[in-house]
Structure formats: C-alpha cells, structure tokens
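Keeping their order, the protein sequence lines are chains A and B.
Numbers 1 to 121, taken from UniProt numbering, label the letters of the first sequence in order.
Numbers 1 to 121, taken from UniProt numbering, label the letters of the second sequence in order.
What follows is a set of notes on a single structure, which appears directly below.
There are 2 protein chains.
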Amino acid sequence: MPNHTPRPGSPVRGSKTGKPIMALFDLLGRNWALGIIWQLSQQPMTFRHLQDSCESVSPSVLNRRIKELRESGLLERGDAGYQLSDTGQELFQLLAPLGNWSTHWAVLQVENTTEPTSSNT
Amino acid sequence: MPNHTPRPGSPVRGSKTGKPIMALFDLLGRNWALGIIWQLSQQPMTFRHLQDSCESVSPSVLNRRIKELRESGLLERGDAGYQLSDTGQELFQLLAPLGNWSTHWAVLQVENTTEPTSSNT
DNA sequence: CTCCGTTGCTATCATTTGTGTAGCGCGCTA
DNA sequence: TAGCGCGCTACACAAATGATAGCAACGGAG
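Shown next as structure tokens:
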C-alpha cells in the first residue's frame, strides 16, 4: 500500500523531511483534492452529489480523496453528507482568494493566446 | 500527447467547463507543481538546483512541470535560472499564508495522532 | 413481505502519470 | 584537449488515476 495520507512530520511523497507545507502540498496536489474542498465549501454534499459536482470523478478516486481528507481532519461526515470540518473551513478561507485570482489569470492567458505577437497595430 | 497544460476556458482534466478555478486546480494539483512554486518564491534557481531543493523529483517530471508552469505564465527564465513571473508572484502571495497554516495544521494532526481516544480527562 | 430507488463504497482493469537512472549535446575554463 | 556543470531527453518500471460494473444496506410504496 504505497498510497498513504500525507501527514506532517512523516515522510511524504517526495519529501523525506515531512515539512508541514510539503505534507500539505502532497495532500492537496492530488487529483481532485482541491476541487473537492472547493465544492464542499459551498454546501455539504452526499457522495453521489459530490461525484456529480466534480463532473467526472470516478468513485474510486473520490473515495480515496475523501478518506485522505478525513484522515487529515479537513473533512467530516454530517447529516447532509460530507462537509468541511472547522480545520477544513480554515483552509478554505486561505484558498478562497484563488477563485477571483483564477479569473484574473484566465484573462492573462487568453491575452497571450490570442496575441502571440503583441507589438503591432 | 494526452498531457497538456491546463488552460482556463478549455476543457481540463476532469472539467469540461474549463472554469478558471478548475484549470488552476488542475495545474496546481499535479505532483510537485506547488512545491516548485514554493521553492522558486524564495529565490531563482537553476534546473539542477531546483531538482535538489525538491528532494527527489525526477528530471522528466521537473521538466514537464516547468514547461506547464511556463506556458501558464507563472514561471520564466532569468539570468539566475528559473524564477516566478509577476503573475507567479501574485499567485504565491495568495499561497504564502499556507506556510504558517500548515504548521498550525501539523499541530492538530499530531494531537489527533497521539490522542486517538480523546473523551477522557 | 417484495419491489424499487438511492445511498456509500469496492473490484477490476486499461490508461495515464511519476520514478529512477543513464546519458546526450552544449558552453565554459583551464 | 580534458574536465566540469548545465538543461534536458530516453527508457523501463512502478504507482496513481479513469471508467465501468456491481454489491450491501437503507427507506418508502405497495
């Protein structure tokens, strides 16, 4: 079982030091992890609803991410399904600005895409 | 070549809508992407130096991440090697708080690890 | 009770991604 | 010329992910 939830203090994928920030990056740097947190920040969701929100995430991966996020204390089960824990809410507060920034970034990307050569009329 | 740099506005891994936030999450949710940004935020680095900073990243992956981050406008080449672009700096400003929070999170994790049963004195 | 739909979740397997190692071509210095 | 470090590539193997099918449990309707 080479796949384990990254924990600060213990070696993680690519980091033997276990620096908290690296453990966090290992946890969040897995497919759909950030997306799941993002979706759950809006409202608690059932497993299947979460699956629908993340358009095409397979149940195997979703289940793995949920398990990891639960073990990391970011996510928990409630009456309405899965939801962010207090810790998860804290994290989301830090992540939230990425929403606006990403649209700003999108504009820059489109500019660079539509204007490969920029120094003319 | 199924591996392409996620761009806002075009379908990304797991998101056909191409919502900017999802494209960003797709980009950052790849192994070492966040770590590379984190390392480069401290100082520009050469390819090999970056490889050492990220303890065991293989050159193939590092090269891929660099290419993706460059195409995304977050990273560029300078005299001292690779460095964050202005856009990349912007992003890092938003990510920076994660550094402190991750240590806070680490404390919570350790508490839960050392006290598996919590409902006593 | 059976039937039906929904739930969370697992099993399986093909595809994609990452790892680890070796090494190339280049430019520089001596 | 030889030696060095540079960015980067090639290759084979391991790991993670994607996609699909399906199970057991629960609740409500009949």
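Built from N, CA and C at the ideal position, the CB exists for glycine as well.
{"Check": "Span of the alpha helix (DSSP H) around GLY88 (chain A)", "Outcome": "86 to 95"}
{"Check": "Neighbourhood of ILE88 (chain B) by C-beta, 6 Å cutoff - its chain only, sequence neighbours within 5 removed", "Outcome": "Reading off the sequence, residue 88 (chain B) comes out as Gly, not Ile. Taken in chain order, the residues that qualify are LEU74, LEU75."}
{"Check": "Neighbouring residues, chain A, relative to GLN102 (chain B) (Cβ below 9 Å)", "Outcome": "With the sequence shown as reference, residue 102 (chain B) is identified as Ser, and Gln is not the correct amino acid for it. In chain order: PRO8, LYS19, PRO20, ILE21, MET22, ALA23, LEU24, PHE25."}
{"Check": "Interface partners of ASN112 (chain A) on chain B, CB under 7 Å", "Outcome": "GLY73"}
{"Check": "Any C-beta of chain A under 8 Å from that of ALA80 (chain B)", "Outcome": "no"}
{"Check": "Test: VAL39 (chain B) CB closer than 8 Å to a CB of chain A", "Outcome": "Per the sequence shown, residue 39 (chain B) should be read as Gln rather than Val. No, its Cβ sits nowhere closer than 8 Å to a Cβ of chain A."}
{"Check": "Beta carbon proximity, GLU76 (chain A) to chain B, threshold 8 Å", "Outcome": "no"}
{"Check": "Cut-off 8 Å between Cβ atoms - residues of its own chain near HIS49 (chain B), not counting five sequence neighbours on either side", "Outcome": "GLY81"}
{"Check": "CA-to-CA distance, ASP79 (chain B) to SER53 (chain A), given in whole angstroms", "Outcome": "44 Å"}
{"Check": "PRO71 (chain A), enclosing alpha helix (DSSP H) - first and last residue", "Outcome": "Checking the sequence, you will find Glu at residue 71 (chain A) rather than Pro. That run of the alpha helix (DSSP H) goes 59 to 71."}
{"Check": "Residues that DSSP places opposite MET45 (chain B) in a beta bridge", "Outcome": "B:TYR82"}
{"Check": "Burial state of PRO59 (chain B), where buried means 16 or more other Cβ atoms lie within 10 Å", "Outcome": "exposed"}
{"Check": "Distance between beta carbons of SER102 (chain A) and ILE37 (chain B), contact taken as under 8 Å", "Outcome": "In fact, because the Cβ distance is near 15 Å, the residues do not count as touching under 8 Å."}
{"Check": "Short Cβ contact (8 Å threshold) for LEU40 (chain B) with ALA33 (chain B)", "Outcome": "no"}
{"Check": "Simplified DSSP assignment, three categories, for LEU40 (chain B)", "Outcome": "helix"}
{"Check": "Distance CB(GLN93 (chain A))-CB(PRO44 (chain A)) smaller than 8 Å", "Outcome": "no"}
{"Check": "Contact with chain A by GLU68 (chain B), beta-carbon distance below 8 Å", "Outcome": "no"}
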